[in-house]
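Worksheet: the structure to be examined is printed underneath.
2 protein chains.
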Amino acid sequence: MPLACGSVVAVNPNSTGTAPLSPTERSTIRRGAKRAVAERDALWALLDAGLVCHLSTVVGGAPLVLPTGYGRDGDTLYLHGSTGALSLRTAAQGIEVCVAVTHVDGIVYSRSAFHHSMNYRSAVIHGTAVVVTGAEQKTHGLRVLTEHLAPGSWEHSRQPNKKEVAATTVLALDLTEAAVKTRTGGPNDDEEDIAADTAWAGVLPLRTVWGEPEPQTAHIAVPPHIAGRAG
Amino acid sequence: MPLACGSVVAVNPNSTGTAPLSPTERSTIRRGAKRAVAERDALWALLDAGLVCHLSTVVGGAPLVLPTGYGRDGDTLYLHGSTGALSLRTAAQGIEVCVAVTHVDGIVYSRSAFHHSMNYRSAVIHGTAVVVTGAEQKTHGLRVLTEHLAPGSWEHSRQPNKKEVAATTVLALDLTEAAVKTRTGGPNDDEEDIAADTAWAGVLPLRTVWGEPEPQTAHIAVPPHIAGRAG
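Chains C and Z supply the protein sequences, listed in that same order.
First residue of the first sequence: 13, per the numbering used here; consecutive thereafter.
First residue of the second sequence: 13, per the numbering used here; consecutive thereafter.
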């Protein structure tokens, strides 16, 4: 039943990805090695499919975790927010961050309460977030962030002016030190419980879906990059 | 566009909830006070609607954040996992944790890239996680966790035996120090961009939906507590 508690397990030793992740001791998954996926492509896909990350920093010796948007360009994860934001002020000092992105794909109903679980995909990234400086570089980061949140919006909407760029802190985090963990498939019950056969076992899938666009503008048709997002 | 970056902000001074949250300096939302919701009921509803939290701890001076399941009973949040899990071993020593639960409700498309945002509900809880001891208390925690993940499963499936209870660490976290932040509604564009009226603005809602149950057991009908979950 625990999700990625203890997600951190030896990465798949049989991985043959051409651009493998580079786990260090802390990002090496210690439990559930069969769930570990070492390929960088999997990390990218997982990040690209998400909208929100959970950004963790240490503030005054205590942990702080906040949800925030992000965007990915190659092996760089961009994070941003108002320059007044506590978490970004902290990270701007060059301290370490830990970032998690998680997708829940279903509830795994087992014959025993103990083996209840979730199907999920999660990525945990460790690194030092650095503040992006220079208007051109910041604007690039903002473009990546905007296009992640709302693909097509960078060209469709008004792009940031100098004041807006200045008012935003953009952080860059290298994706080198990362661990990906997934669980798929049905329950893994004990033999005795399978033999007893007294409880339903299976998966209840969960997915996120887009609703109908809710326009604020009266006479502009919903553009294709928004109307088409639901696929 | 930033989500709850800097989510941490004066709680609603007009709150009249009978059981208000008790924000401290670090859990007091400093930005976007109008988004802060101080009522404890809102916290409970937000937690009850989620499946996964992000549990942050400090390990060797560095932040660690991992997704994990949880359950709520009154003002106690239960967390658990294998006793071998890194995050729970750390928390079991009585150090501080920070836990976030986030729901993304939609993408806010603005006339300017800068004002793009998300509609969301998020809770951030600070506290010291304590290890639940005693078989009865642990079993209660496991029941809360199971019923959160899979309502109805505690009675339907085989309940944990002594060995399983012993193999699981159950943590309890008090919900006293918590902050809730939400964003709802359409975009908040600058007047000039509204006047220009050149880009679509509105909200693309996002929601999670249950799929059809995928049975592993051949001849047991999907029980009502599972079949009825989709509402």
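The beta carbon of each residue, even a glycine, is placed where N, CA and C say it ideally should be.
Non-local C-beta neighbours of K174 of chain Z in its own chain, meaning closer than 6 Å and more than five positions away in sequence, are absent. Closer than 7 Å to the CB of W166 of chain C there is at least one CB belonging to chain Z. Interface flag for Q149 of chain Z against chain C is unset, since no Cβ pair is found closer than 7 Å.
In this structure, V111 of chain Z lies near L67 of chain Z, with their beta-carbon atoms less than 7 Å apart. Spanning the alpha carbons of A207 of chain Z and L76 of chain Z requires a straight line of approximately 46 Å. The CB of Y121 of chain Z comes closer than 7 Å to the CB of A162, S165 and I238 in chain C, given here in chain order.
For the stretch 171–237 of chain Z, the continuous alpha helix (DSSP H) assignments of 4+ residues that do not extend past its boundaries occur at 174–178 and 203–208, in sequence order.
Look at H152 of chain Z: its C-beta is not under 7 Å from any C-beta on chain C. The DSSP-derived three-state label of A242 of chain C is coil. Measuring C-alpha to C-alpha distances from L161 of chain C to each of C:A54, C:D53, C:D201 and C:L59 identifies C:L59 as the nearest. The shortest C-alpha to C-alpha distance from L157 of chain C to any of C:A233, C:V120, C:G72 and C:T88 is the one to C:T88.
DSSP places H168 of chain Z within a helical segment (H, G or I) once states are collapsed to three.
Within the model, the alpha-carbon separation for D209 of chain C versus V116 of chain Z is close to 38 Å. The DSSP assignment places complete beta strand (DSSP E) segments of no fewer than 3 residues inside the stretch 78–149 of chain Z at 88–94, 108–121 and 129–140, in order along the chain. L58 of chain C: member of the alpha helix (DSSP H) spanning R52 to D60, first to last residue. Counting along the chain, the unbroken beta strand (DSSP E) around L67 of chain C starts and ends at V64 to V71.
Inter-residue distance for D53 of chain Z and Y82 of chain Z is about 18 Å (C-alpha atoms, whole angstroms). Each residue's CA atom was taken as its position, placing A242 of chain Z and P163 of chain Z some 12 Å apart. The closest CA to that of I137 of chain Z, considering only Z:A179, Z:R84 and Z:L154, is found on Z:R84. Burial of Q228 of chain C is indicated by the presence of at least 16 other C-beta atoms within 10 angstroms of its C-beta.
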